[in-house]
Amino acid sequence: MCRMGSGGSAGKEAGPLKVFLRQQTQSALEQREYPFFTLTAFPPGFLLHVGGVVSARSVKLLDRIHNPDEPETRDAWWEEIRQEIKSHAKALGCHAVVGYSESTSICEEVCILSASGTAAILSSRFMQDGPLDVEHRFEEVVSPGCGFCHIPYDELNIPFPAQLTYCYCCRRYKVPDVLFTTIDLPTEANVTGKGCLIQARLCRTKKKAQGEGNATAISNLLPFLEYELHTQLMNKLKLRGMNALFGLRIQISVGETMLLGLASATGVYLTALPSPGGIQITGKTPSDITYEQHISNMQKKINDTITKNKELYEINPPEVVEEIIGSPIPEPRQRSRLFRSHSESSDEVSELDLSHGKKDAFVLEIDDTDAVEDIHALLTDFSIPAGFYSCNTEIMPGIQNWTSAIQMFTSVRVFRLNTNLTNQGLNKIFSDLCENLLKSLYFKLRSMVPCCLCHLNFTVAIPEDELIQVAVTAVAMSFDKEQTLENGKQSGEKTLIKGKHVLYVQYVHVRHTFLKSHVWYIPPPSIFSLYPSLFSLSLSLLLSTASSMEKASPLPEGRSRSLRSNRSYSGSSVAVVKMTPLSFIPGAKIIKYLGIINMFFIRETTSLREEGGVSGFLHTFIAEVFAMVRAHVAALGGNAVVSYSMKECVFMENPNKNQAQCLINVSGDAVIFVRESELELTSVQPQSATTQTSNGGEGT
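Numbering-wise (UniProt numbering), the sequence shown opens with residue 1 and increments by one.
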């Protein structure tokens, strides 16, 4: 059918010896099987070099499958996608793909298959077979703090346009000016300042069509949609004074009359990469005093925003001394420009000297109303309240002293669109929907400040022709800014206990604010009066995940499950099962894995209005899902769920018949954990007992 693929963002390089070694091992590279890793975090030294993001998409027609029960056709489609990913990785000089993921979006008979990952070179020490051992041993002498940033491809045969400079850490190998990856930030990476969540949002209308005509229309839109998302990411990255993205996840959702695109990543400043230049605005409009003044005002706002963001995220890179003995001086980088995909023209633009000091500017050309809209959205992007940080990776770069106070949450919003909306109107609605969701979370969690929203996982969908659904799952983690880690744990616990009572009031107080758009899943007061116990129960299920009053101490493996169940009815000693999307629990050690949890839940109602509308229905359902997952894990003898994720949330509504249905699929790992403080106590007690015994022996 109609297919489309795309490859690569930037990564690493070396000198003449590396080129010679690569030529010697080229035949072995071609014969080697390219492994895929879905993992996003790795031990230090596992990643030698990162080439950048590789992705591929394909539009297929499901009605071309003669027998849907036979998976051969679908397997052939995915094999096609994976071969394309392998070819992109090979073009970047890499032999593996890490942080790999696959996804689909289906509307009627059209299906979009998507795959993405990060091309990389792995250390042969971690691989059982390694035909590139000679080259790897040569590469492993590079400093681990910057080695993964060095480009793996040949500088003379760059597969895409890029500006290369010498590494700002080791000054030996070339690095790109910007780096995009789908993995978490390596623990050994040299980072300046803190990171932040960066999102690109886009909505595009399309005409209703069927069959191959619909697939062709979607295929024609996809390249421009991805280009626009990439443009937004680059703009916002430069605006925050950063030079790398980690945890990049691009979602494409297809509907009958629109395409949704959401790209989320965590921006950081890698010390090894060059400092990003400013953003320069220029235009083609003839000279006009009012217009030039408007451009000047926007330019001033952009410059002020960049300065403010550098202070906010503590980005103060050390000055690089060029006159280092034995260090090569970087070649001057070419000026970079950014043009909108649908506004590209063959007209040549005169060269502009936009360099500020030794930093080159990033050019934004205003040549149509869409470009003006992009710059306006760039300047009006929601700023995070003081004391809050957010990222879509497990750990926020630049923050170390995490406390034991964590609180997981899941939120779903559904928005019904009006008809005859333009692309600009749809973009604003979609962007406001995501931003308002984040604002509400910051408001409800304000008592946990300073705190960070980690592992922010957004999921977008078009359940019906005029509906946009946005779901988010994340965990709020408190951290100690000034005191030691041990004192930070105690202060975090007190803050969270206070936050629970405040949050209880907030859910009632802000209900009218969020229910105006008919999307928040908090039950209205009517359902509280009918079922007062439901309100306290559901809130306790949602908010007690990270309660510091929980004292979860798993029983020894010798105890039977009957003892565990009896213990659950002992009153004050009830331990609530913790739930977190992270693969770990701060301040605790996982001592046993009990298995994977993969559960499907379906709920429907014929009295939607009586249950509090869409918000009340979804809130109650999500609370029940949390309760059933906790009960299942407790029955297995566990006391926590890690790596929790809501894979599917399919909502359908029929307002005329007062009906609604929802399907939710959640997964995670059931575990048993113990607090590190408890482990210390147990290790101290045997020592003290031994001492007492020996002392007693001397006395007798």
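Every residue gets a Cβ at the ideal spot worked out from N, C-alpha and C, and that includes glycine.
Do you know offhand how far residue i's Cα is from residue j's?
i	j	result
Thr305	Ala461	32 Å
Cys434	Ser390	14 Å
Gly213	Ile597	41 Å
Gln299	Ile622	45 Å
Asn316	Phe443	30 Å
Leu681	Glu624	36 Å
Asn658	Leu312	48 Å
Ser253	Val412	16 Å
Gly267	Gly398	12 Å
Gln163	Glu226	21 Å
Glu464	Thr605	18 Å
Ile250	Glu676	37 Å
Gly51	Leu636	43 Å
Glu610	Ile406	34 Å
Arg125	Gly145	18 Å
Thr422	Ile375	18 Å
Lys90	Val54	10 Å
Met477	Met396	10 Å
Glu557	Val674	Low confidence applies here, because Glu557 scores a pLDDT of 41, under 50, leaving its location unreliable and the question unanswered by this model.
Quick check on this structure: which residue in the options has the alpha carbon closest to the alpha carbon of residue i?
i	options	result
His88	Thr118, Thr257, Glu79, Ala41	Thr118
Pro385	Gly398, Cys452, Asn157, Thr393	Cys452
Val470	Asp480, Gly425, Arg416, Leu445	Arg416
Thr580	Asn220, Phe388, Ala115, Cys454	Cys454
Ile602	Ala217, Val54, Cys649, Ser58	Cys649
Arg204	Leu426, Ala217, Gly145	Leu426
Gly679	Ile289, Glu653, Ile590	The identity of residue 679 in the sequence shown is Leu, whereas the question assumes Gly. It is Ile590.
Glu319	Thr192, Asn420, Ala209, Trp402	Thr192
Glu79	Ile65, Ser105, Leu113, Val54	Leu113
Gln232	Lys194, Gly595, Asn220, Ile279	Ile279
Asn190	Leu156, Thr271, Arg446	Thr271
Ala96	Ile65, Leu47, Glu70, Glu108	Leu47
Arg82	Ile65, Arg171, Ser58, Arg64	Ser58
Cys167	Leu156, Thr216, Gly147	Gly147
Gly668	Thr473, Thr419, Ala575, Phe651	Thr473
Quick check: residue i and residue j, are their CB atoms within less than 8 Å of each other?
i	j	result
Leu273	Ala244	yes
Tyr100	Phe180	no
Leu92	Pro161	no
Ser103	Gly45	no
Thr38	Ser116	no
Leu239	Gly261	no
Ala41	Asp177	no
Leu456	Ser264	yes
Glu310	Glu256	Going by the sequence as given, residue 310 is Lys instead of Glu. Cβ distance not < 8 Å, so Lys310 and Glu256 don't count as in contact.
Val175	Cys149	yes
Phe382	Lys439	yes
Ala660	Val614	yes
Ala640	Lys578	yes
Gly247	Pro276	no
Ala217	Lys206	yes
What are the start and end residues of the alpha helix (DSSP H) that includes residue i?
i	result
Asp75	72-91
Phe430	423-444
Specify, as a first and last residue, the run of the beta strand (DSSP E) that residue i falls within.
i	result
Leu467	467-479
Lys657	It is not in any beta strand (DSSP E) - Lys657 carries neither H nor E in the DSSP assignment.
His49	47-61
His632	Unbroken run through His632 is the alpha helix (DSSP H), 613-635; no beta strand (DSSP E).
Gln210	No beta strand (DSSP E) holds Gln210; DSSP gives it neither H nor E.
Glu155	Looking at the DSSP string, Glu155 is not in any beta strand (DSSP E), and its letter there is neither H nor E.
His455	451-461
Give the DSSP-derived three-state secondary structure of residue i in the structure shown.
i	result
Glu226	helix
Pro35	coil
Ala669	Checking the displayed sequence, the identity of residue 669 turns out to be Asp instead of Ala. Asp669: strand per DSSP, three-state reduction.
Glu680	helix
Ser296	helix
Gln407	strand
Phe600	strand
Ala162	coil
Gly147	helix
Ser114	strand
Arg240	coil
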